[in-house]
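Data block below; observations after.
As structure tokens, this is what we get:
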């Protein structure tokens, strides 16, 4: 279940103000001063911790650390990688123990929780950080109570990754960006029928929220959470249409069912050459550039439903407000937000940098993949759905989406159950 | 409740050492009627089933991803992928975690040997008011599931400033009621004449303990050491929360973070998990008799 | 702990009083036990009446956590799962009795070799072996389903389907607890007096008869002890489940154990107050079970 990257332009969320509205993101408890203070000098000696969740991006992050080390030879940065599945569990334990990393990745669904409890450093006075260098909606996403509390790292939208060779073997033309749902289903069916004996699927199924369910629900005219953040869209007829579409492919044996994809995650199937099509984000590039299928694959624009629907999100770099190494952390964070770091990230093929004007570094790094289409998709993409306490209903999704998409039980009935429970969580927010 | 349980343990441990040659003779008599090949067949097949997961693990660790996921299974890798082992060191700070695990284990073993021997000696050989009550209280924590302690222990370690340190991961496991109980049983079984002699020589209790009794406690100490080492090396839940940074945590936690990455590299995961288990397996094969005796003392962890 | 007066211990031949020495010997252990065990027990009881903020900080909420326990449908399922797991693992004891009696025959050749085979799982890291077993139980390329396919059975999703996942975890639990059982029973076997076998032989009892009329009854204290620790360990099911199921498993809601639920409430959902209640429930169940065992033991355990 991937709510790994989240929205862009969710100003509504950021401005909503948590139940524990504090003035600014870093004025909460703890002994440390909320002030950012001076940045470390170039000859400073210190060591700081840095935590991320994507192992595929670790090499790029190491390159950035090395480059930072050239400017600040005395500051050691120790990077820790937690699997995304347990990242926010770990971060919560660290926050409870007042032991947050000095600098760490954060995403949209979790940003407000941490900001509203004063755990994220207010970055208004961070030297070298100019919000104008990033897309407005990403800055808005990571602003709490009018103060920026994280620096946008990257942004992602969803496209259709495909494996040329597998499609060719099954006699299917590569997607040209105009595919409808039906064409996607037909292509998947043909590949599955032709290549199933080699254990190859047309599409790898799954219940990825950001990469699969959200965009399809939006394309069918549905929604996930209403604009006033009060109602769940899981029982909306449009959302149900998307579920029926996914369930139909599983029931007809075109796509693997949910129990299968729990053991064999869609991205594993695709990167092992066992699935021909996969809807996913540009972040996959980092993984796929090292996979056995890298010569056989490319990306195309997402499939199309009744209306356009795509989801946009980006990771943020945040700093602990209670850290005891703030001068060194400021220096590192400032570097992470710089154009230089953005270009390193892009050139390593890790992610599409958020820093305006550095997209080309990412495109040039992976000439084999058409990555511009993900930037084009941003024009019509909608923000990743969030509310004040997103992670609460994300857990409900984790629990019930497998049953909706994979059965057993009636799609509409289980979806209604999810919507009702989610409504309850949303009601607790206000 | 704990008293009775303790008696049961005592009874079991007493039996470990009781080796009746007559019993052996009698059993060899019964054995004579049993077809020998059948025994060997059962033990061999059963034994291979028991170690099969390890063999399969080694096989997978030397295979390619495609071989691991192939149907039907590929029995031996076409060419052994030794590179999966160095790859582990690139994906997780394995050496750091290995050293951490070793240091935590050493700290816990030394700490327990010393503290449990001291306390066990006091409970066995000294007289003081409230002894039985204190001993019963100490034993009572054996009955309490670990989860009860977990959250508050986290708070204690946090307040001591020991999160993400070797000391913090090791600290709670240094104090063991079970180790104390084992050492007490051991000292109870030692003859009083040894101490009498030392006392007549003018030794104080510390000298008596350290020079006479402690050096004579080899088997009991090795049992405590082995049980502690096993529990410490393999522990998951406590280091999972007490040490949340890759370079500061233990192997067990490191393994769980290999799982749940966006892409799963099965052969590397198998190589990592095999290397994580290897030290204890070697220890077991080398010190087989001691380990079996240690384990016979109890199934209770730590 | 004041030192003992001479009058209080007239029976003892040895030193009449040890002065402050007991404090010196016991002090370090008792301080540690107080800090890391006694205080946490108290703190957990206190926590059970509170609700935690997202990042610490407690507020009193009376009996609400206890009320929640009664309504929580996950709890009853977790209790059931934990019981099923424990029962299946307990089924390993009869198997262990048989293997132990085979392994402990006098003059058995290759005994040391067999011991290595049978005891190796006892020293293996649960997390590490769980990852291996997860592969062995894979629906598509796992060995178990491959073996089943040889006899024409289409194997189930062992790791991701309700009930099957519990069964798979229990099988692994049984496998990993077998060595310890064999070791403890082996110790018990060596303690059975030889005369009893001789007497049984004189009565004309065959091997099988001796096994059931001498070995098993005299092994009952060991079996009793073993069943208690196996059950206690069974109720603590966590590592195997955590590593075999992984995160975001659709079968998790139907497979989780009490301890997993505790972990999930405490560290994933951040309901530490409620988690404390679950911890107390685990204590109550283990306590009740052990008490019951001791009650029942009179009926079947033979002490010489």
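Residue numbers (this note's numbering), protein chains in the order written: chain A, 2 to 431; chain B, 953 to 1254; chain C, 4 to 307.
All C-beta atoms in this analysis are idealised placements derived from N, C-alpha and C, irrespective of residue type, glycine included.
Since the structure is predicted, the reported quantities are computational estimates derived from the model, not experimental observations.
{"Check": "Mind checking whether residue 40 of chain A and residue 328 of chain A have CB atoms under 9 Å apart?", "Outcome": "yes"}
{"Check": "In chain C, which residues lie with their C-beta within 7 Å of the C-beta of residue 1193 of chain B?", "Outcome": "270"}
{"Check": "Tell whether a beta-carbon distance below 9 Å holds between residue 183 of chain C and residue 1247 of chain B.", "Outcome": "yes"}
{"Check": "What is the DSSP secondary structure of residue 319 of chain A, reduced to helix, strand or coil?", "Outcome": "strand"}
{"Check": "Inspect the beta-carbon positions of residue 351 of chain A and residue 199 of chain A and report whether they are closer than 9 Å.", "Outcome": "no"}
{"Check": "Note down, in chain order, all residues in the segment 138-157 of chain C with a beta-carbon under 8 Å from any beta-carbon belonging to chain A.", "Outcome": "141, 142, 143"}
{"Check": "Please name the residue, chosen from A:288, A:301, A:344, A:306, that lies closest to residue 377 of chain A on a Cα-to-Cα basis.", "Outcome": "A:301"}
{"Check": "Note down, in chain order, all residues in the segment 250-261 of chain A with a beta-carbon under 7 Å from any beta-carbon belonging to chain C.", "Outcome": "259, 260, 261"}
{"Check": "In the DSSP assignment, the beta strand (DSSP E) including residue 161 of chain A goes from what residue to what residue?", "Outcome": "159-164"}
{"Check": "Ignoring anything shorter than 3 residues, give me the beta strand (DSSP E) runs that lie fully in the segment 67-115 of chain A, in order along the chain.", "Outcome": "76-82, 104-107"}
{"Check": "Cβ closer than 8 Å: which chain C residues qualify as neighbours of residue 1045 of chain B?", "Outcome": "Result: empty, since nearest Cβ-Cβ is about 17 Å, beyond 8 Å."}
{"Check": "Would residue 22 of chain A pass as an interface residue toward chain C - the criterion being a Cβ-Cβ separation below 9 Å?", "Outcome": "Note that residue 22 of chain A scores 38 on pLDDT, short of 50, meaning its location in the model is unreliable and no value can be drawn from it."}
{"Check": "My understanding is that residue 1187 of chain B touches residue 1172 of chain B, with C-beta atoms under 8 Å, so please give their C-beta distance in whole angstroms.", "Outcome": "Going by Cβ atoms, the distance from residue 1187 of chain B to residue 1172 of chain B rounds to 23 Å, so no, they are not a contact pair."}
{"Check": "Using DSSP bridges, identify the partner residues of residue 279 of chain A.", "Outcome": "A:162"}
{"Check": "So, is residue 156 of chain C buried or exposed, given that buried needs 16 or more other C-beta atoms within 10 angstroms?", "Outcome": "exposed"}
{"Check": "Could you check whether the Cβ of residue 1115 of chain B sits closer than 9 Å to any Cβ belonging to chain A?", "Outcome": "yes"}
{"Check": "Which residues in the same chain have their Cβ closer than 8 Å to the Cβ of residue 76 of chain A, if we skip the five residues on either side of it in sequence?", "Outcome": "41, 45, 46, 47, 48, 49, 69, 70, 329, 332, 333"}
{"Check": "Report the neighbours of residue 991 of chain B on chain C: residues whose CB is nearer than 8 Å to its CB, in chain order.", "Outcome": "105, 108, 111"}
{"Check": "On the DSSP bridge assignment, give the partners of residue 202 of chain A in chain order.", "Outcome": "A:276"}
{"Check": "Out of A:64, A:101, A:83, A:84, which has the shortest C-alpha to C-alpha gap to residue 320 of chain A?", "Outcome": "A:101"}
{"Check": "Which runs of the alpha helix (DSSP H) fall wholly inside the segment 1011-1089 of chain B and span at least 4 residues, in chain order?", "Outcome": "1017-1020, 1036-1043, 1046-1077"}
{"Check": "Buried or exposed: where does residue 1032 of chain B fall if 16 or more other Cβ atoms within 10 Å of its Cβ makes it buried?", "Outcome": "exposed"}
{"Check": "Can you find a CB in chain C that lies within less than 9 Å of the CB of residue 1165 of chain B?", "Outcome": "no"}
{"Check": "Strictly under 9 Å for the Cβ-Cβ distance: is residue 1040 of chain B near chain A by that measure?", "Outcome": "no"}
{"Check": "If you measure from the beta carbon of residue 1198 of chain B to each beta carbon in chain A, is any gap under 9 Å?", "Outcome": "yes"}
{"Check": "To the nearest angstrom, how far is it from the Cα of residue 1124 of chain B to the Cα of residue 1191 of chain B?", "Outcome": "11 Å"}
{"Check": "Applying the 10 Å Cβ sphere with the 16-neighbour rule, what's the burial state of residue 239 of chain C?", "Outcome": "buried"}
{"Check": "Can you tell me where the beta strand (DSSP E) with residue 131 of chain A in it begins and where it stops?", "Outcome": "Where residue 131 of chain A is concerned, there is no enclosing beta strand (DSSP E), given that its DSSP letter is neither H nor E."}
{"Check": "So the candidates are A:63, A:317, A:258; which of them puts its Cα closest to the Cα of residue 153 of chain A?", "Outcome": "A:317"}
{"Check": "Which ranges does the alpha helix (DSSP H) cover as unbroken runs of at least 4 residues, wholly within the segment 343-421 of chain A, from first to last along the chain?", "Outcome": "360-366, 373-378, 391-407"}
{"Check": "Please name the residue, chosen from A:37, A:74, A:130, that lies closest to residue 335 of chain A on a Cα-to-Cα basis.", "Outcome": "A:130"}
{"Check": "Return the CA-CA distance between residue 973 of chain B and residue 231 of chain C, expressed in angstroms with no decimal places.", "Outcome": "Residue placement at residue 973 of chain B is flagged as unreliable, the pLDDT there being 42, under the threshold of 50; a coordinate-derived value is accordingly withheld."}
{"Check": "At least one CB of chain C closer than 9 Å to the CB of residue 1035 of chain B: is that the case?", "Outcome": "no"}
{"Check": "Excluding sequence positions up to five away, which residues of its chain have a Cβ less than 7 Å from the Cβ of residue 981 of chain B?", "Outcome": "Low per-residue confidence applies at residue 981 of chain B: pLDDT is 45, beneath 50, and the placement is therefore not dependable, though the value from the model is reported in the following sentence. Answer for residue 981 of chain B: no residue qualifies."}
{"Check": "Between the Cα of residue 97 of chain A and those of C:125, C:269, C:105, spot the shortest distance and give me the residue it belongs to.", "Outcome": "C:269"}
{"Check": "Give the range of the beta strand (DSSP E) segment to which residue 231 of chain A is assigned.", "Outcome": "Premise fails: residue 231 of chain A is in no beta strand (DSSP E) and is neither H nor E."}
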